[in-house]
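Asks: Position in the sequence shown (first residue = 1) + 32 = the numbering used here. Cβ atoms here follow ideal geometry from the backbone N, Cα and C, with glycine treated the same way. Since the model is a prediction, treat every value here as computed from it, not as a measurement. One structure, pasted below without further comment.
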Amino acid sequence: MDIGFAQKLIKKTQDYYGQRAQDFSASRNRDWAIFLPLLHYIKKGDYVLDLGCGNGRLYPLVAQKGANYLGLDTSHRLLEEAKKNHPQAEFEIGDILNLPPITKSSPPVRGGVGGGGSLWKFLDPSPPPLGKGRNVFKNLRNSENLEHPPGSFDVVVLIALLHHIPSHALRQKALQNVAKLVKIGGFVLVTNWNLFQKRFWPLRRCYNLKKVFGKNKMDFNDLLFKGKRYYHGFTKREMAGLLQENGFQILENYYEKDGRKTGRGEGENLVTVAEKM
Numbered sequence: 033m034d035i036g037f038a039q040k041l042i043k044k045t046q047d048y049y050g051q052r053a054q055d056f057s058a059s060r061n062r063d064w065a066i067f068l069p070l071l072h073y074i075k076k077g078d079y080v081l082d083l084g085c086g087n088g089r090l091y092p093l094v095a096q097k098g099a100n101y102l103g104l105d106t107s108h109r110l111l112e113e114a115k116k117n118h119p120q121a122e123f124e125i126g127d128i129l130n131l132p133p134i135t136k137s138s139p140p141v142r143g144g145v146g147g148g149g150s151l152w153k154f155l156d157p158s159p160p161p162l163g164k165g166r167n168v169f170k171n172l173r174n175s176e177n178l179e180h181p182p183g184s185f186d187v188v189v190l191i192a193l194l195h196h197i198p199s200h201a202l203r204q205k206a207l208q209n210v211a212k213l214v215k216i217g218g219f220v221l222v223t224n225w226n227l228f229q230k231r232f233w234p235l236r237r238c239y240n241l242k243k244v245f246g247k248n249k250m251d252f253n254d255l256l257f258k259g260k261r262y263y264h265g266f267t268k269r270e271m272a273g274l275l276q277e278n279g280f281q282i283l284e285n286y287y288e289k290d291g292r293k294t295g296r297g298e299g300e301n302l303v304t305v306a307e308k309m
């Protein structure tokens, strides 16, 4: 896929979520059955990065585990909803594809939405106890210029994010960035819509046929849901391959519906868990 066209698809999807932030947030206000079986990968004291955090729906589950949480999203309006729902949590604007640099001149960021300065912080080596209103993530200081703080997070979560990134090249870039952030032995928890479930067969087939006849600039197994949001349909093999190419070992890779494992035709989501090697 042409990268310029891919960027237009990303903007189209981002605009959709930004324009409907309140309605979208209201529709995502329950615990995720999909995520409950994955909570054992998060331990007390872990540092968890939620990429594409939306309205912060994951935060309460992470907090219940006694872990430290940072949510990242491209949508200011969704992060406003997140901060309203969870004022005690840390949220920042940022893009998985364009991580801002960290320099020794970057000013501190005090948590919450807005602010400015560097998104990525090294972790405070001597933090106060949990629940004392502290800023969990401390700005990098007195260092050489770095693109990312290497290995800062025990767990990085990508819930319903990667399927919104068009083109193999950009998905590779996203996972390369993720790989830099996860500690050796840390985990990445990934969920994507399963476009191979029965309800998506007609729409996916339509876009694939258009691709065969040169009338679709997207890749195979790509579609626009209701003409407004871009999705890529991952197979288990493709998702595993992307992670393995970026230094991860696959631990789990399955389809699920309402928190139970299913076959591909029934599953609503593809869930993949990998460990950084």
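Going by CA-CA distance only, name the one from Thr304, Gly98, Asn87 and Arg269 that's closest to Gly50.
Replies: Within the sequence shown, the letter at position 18 stands for residue 50. The shortest Cα separation from Gly50 among Thr304, Gly98, Asn87 and Arg269 belongs to Asn87.
Asks: Which residues in the same chain as Arg296 place their Cβ atom closer than 6 Å to its Cβ, once the five residues preceding and following it in sequence are excluded?
Replies: Position 264 of the sequence shown, counted from the first residue, corresponds to residue 296. The answer, listed in chain order, is Phe228 and Tyr287.
Asks: Can you list, in chain order, the residues of its chain whose CB lies under 7 Å from that of Leu68, leaving out five sequence neighbours each side?
Replies: Translated into positions along the sequence shown, residue 68 becomes position 36. Exclusion of the five residues before and after Leu68 leaves Gly291 as the residues of its chain whose Cβ lies within less than 7 Å of its Cβ.
Asks: Is the Cβ-Cβ distance between Gly217 and Lys308 less than 8 Å?
Replies: Locating residue 217 in the sequence shown gives position 185, counting from the first residue. Locating residue 308 in the sequence shown gives position 276, counting from the first residue. Yes; because the gap between Cβ atoms is below 8 Å, this pair is in contact.
Asks: In three-state terms, what does DSSP make of Thr106?
Replies: The residue labelled residue 106 in the question sits at position 74 within the sequence shown. Of the three classes helix, strand and coil, the one that applies to Thr106 here is coil, per DSSP.
Asks: How would you label Leu283, buried or exposed, when you count the other beta carbons within 10 angstroms and need 16 or more for buried?
Replies: One-based indexing of the sequence shown puts residue 283 at position 251. Exposed, since its Cβ has fewer than 16 Cβ neighbours within 10 Å.
Asks: Looking at the unbroken beta strand (DSSP E) that takes in Asp34, where does it start and where does it end?
Replies: Position 2 of the sequence shown, counted from the start, is the residue given in the question as residue 34. Per DSSP, Asp34 belongs to no beta strand (DSSP E) and is neither H nor E.
Asks: Is Asn167 helix, strand or coil when you go by DSSP?
Replies: By 1-based counting over the sequence shown, the position of residue 167 is 135. Only weak support exists for where Asn167 lies, its pLDDT of 42 falling under 50; the coordinates are left without a value.
Asks: Jot down the residue ranges of each uninterrupted beta strand (DSSP E) in the stretch 174 to 255, minimum 3 residues, whole runs only, in chain order.
Replies: 185 to 191 and 214 to 225
Asks: Are the CB atoms of Leu102 and Glu122 within a distance shorter than 8 Å?
Replies: Walking along the sequence shown from the start, residue 122 turns up at place 90. Walking along the sequence shown from the start, residue 102 turns up at place 70. Going by C-beta atoms, Glu122 is nearer than 8 Å to Leu102.
Asks: Is the Cβ-Cβ distance between His195 and Asn240 less than 8 Å?
Replies: Stepping through the sequence shown from its first residue, residue 195 is reached at position 163. Stepping through the sequence shown from its first residue, residue 240 is reached at position 208. No.
Asks: Please say whether Ala272 and Thr13 have beta carbons closer to each other than 8 Å?
Replies: Residue 13 lies beyond the stretch modelled for the chain, which goes from 33 to 309, so this question has no answer here.
Asks: Going by DSSP, name the residue or residues bridged to Leu41.
Replies: In the sequence shown, the residue the question calls residue 41 occupies position 9. Partner(s): none; Leu41 has no beta bridge.
Asks: Look at Val187 and Leu213 and say whether their C-beta atoms are less than 8 Å apart.
Replies: The sequence position of residue 187 within the sequence shown is 155, counting from 1. The sequence position of residue 213 within the sequence shown is 181, counting from 1. No, Cβ-Cβ distance for Val187 and Leu213 is not below 8 Å.
Asks: Can you grab the Cα-Cα spacing for the pair Thr45 / Phe37, in whole Å?
Replies: Against the sequence shown, residue 45 aligns to sequence position 13. Against the sequence shown, residue 37 aligns to sequence position 5. Their Cα atoms are separated by approximately 13 Å.
Asks: Determine the burial state of His118: buried for a count of at least 16 other Cβ atoms within 10 Å of its Cβ, exposed for fewer.
Replies: Position 86 of the sequence shown, counted from the first residue, corresponds to residue 118. His118 is buried by the Cβ-count criterion.
Asks: When you compare only the Cα positions, how much space is there between Glu112 and Phe245?
Replies: Sequence index remark: in the sequence shown, residue 112 carries index 80 (1-based). Sequence index remark: in the sequence shown, residue 245 carries index 213 (1-based). Taking the straight line joining both Cα atoms gives about 43 Å.
Asks: Ignore the nearest five residues each way along the sequence and tell me which others in Leu190's own chain have a CB closer than 6 Å to its CB.
Replies: Within the sequence shown, residue 190 is the residue found at index 158, counting from 1. So the qualifying residues of the chain are Leu83 and Val222.
Asks: So, with DSSP's three-state summary, where would you put Gly295?
Replies: For this step, residue 295 is matched to residue 263 along the sequence shown. Coil, per DSSP.
Asks: Are the CB atoms of Leu110 and Leu81 nearer to each other than 8 Å?
Replies: Along the sequence shown, read from residue 1 onward, the residue named residue 110 stands at position 78. Along the sequence shown, read from residue 1 onward, the residue named residue 81 stands at position 49. No, Cβ-Cβ distance for Leu110 and Leu81 is not below 8 Å.
Asks: Excluding the five sequence neighbours on either side, which residues of its own chain have a C-beta within less than 6 Å of the C-beta of Asn253, listed in chain order?
Replies: As a first step, residue 253 must be located in the sequence shown, where it is residue number 221. Within the same chain, Asn253 has close Cβ partners Gly265.
Asks: Quick one: Cα of Gly77 to Cα of Ala99, how far?
Replies: Numbered from 1 along the sequence shown, position 45 holds the residue referred to as residue 77. Numbered from 1 along the sequence shown, position 67 holds the residue referred to as residue 99. Between Gly77 and Ala99, the C-alpha separation is close to 5 Å.
Asks: Over the uninterrupted alpha helix (DSSP H) stretch that includes Leu93, give me the two end residues.
Replies: In the sequence shown, counting from the first residue as 1, residue 93 sits at position 61. Element bounds for Leu93: Tyr91 to Gln96.
Asks: Looking at the secondary structure, which residues open and close the beta strand (DSSP E) in which Glu122 lies?
Replies: Residue mapping note: residue 122 aligns to position 90 of the sequence shown, counting from 1. For Glu122, the uninterrupted beta strand (DSSP E) run begins and ends at Glu122 to Ile125, by DSSP.
Asks: Taking the alpha helix (DSSP H) that Glu284 belongs to, which residues open and close that run?
Replies: On the sequence shown, position 252 is the one that residue 284 refers to. Looking at the DSSP string, Glu284 is not in any alpha helix (DSSP H); the run it does join, the beta strand (DSSP E), is Phe280 to Lys289.
Asks: If you draw a straight line from the C-alpha of Leu65 to the C-alpha of Lys243, how long is it?
Replies: By one-based count along the sequence shown, residue 65 stands at place 33. By one-based count along the sequence shown, residue 243 stands at place 211. The sequence shown places Ala at residue 65, rather than the Leu named in the question. Taking the straight line from one Cα to the other gives about 35 Å.
Asks: When burial is assigned at 16 or more other CB atoms within 10 Å of the CB, is Pro198 buried or exposed?
Replies: Your numbering for residue 198 matches position 166 in the sequence shown. By the 10 Å Cβ count, Pro198 comes out buried.
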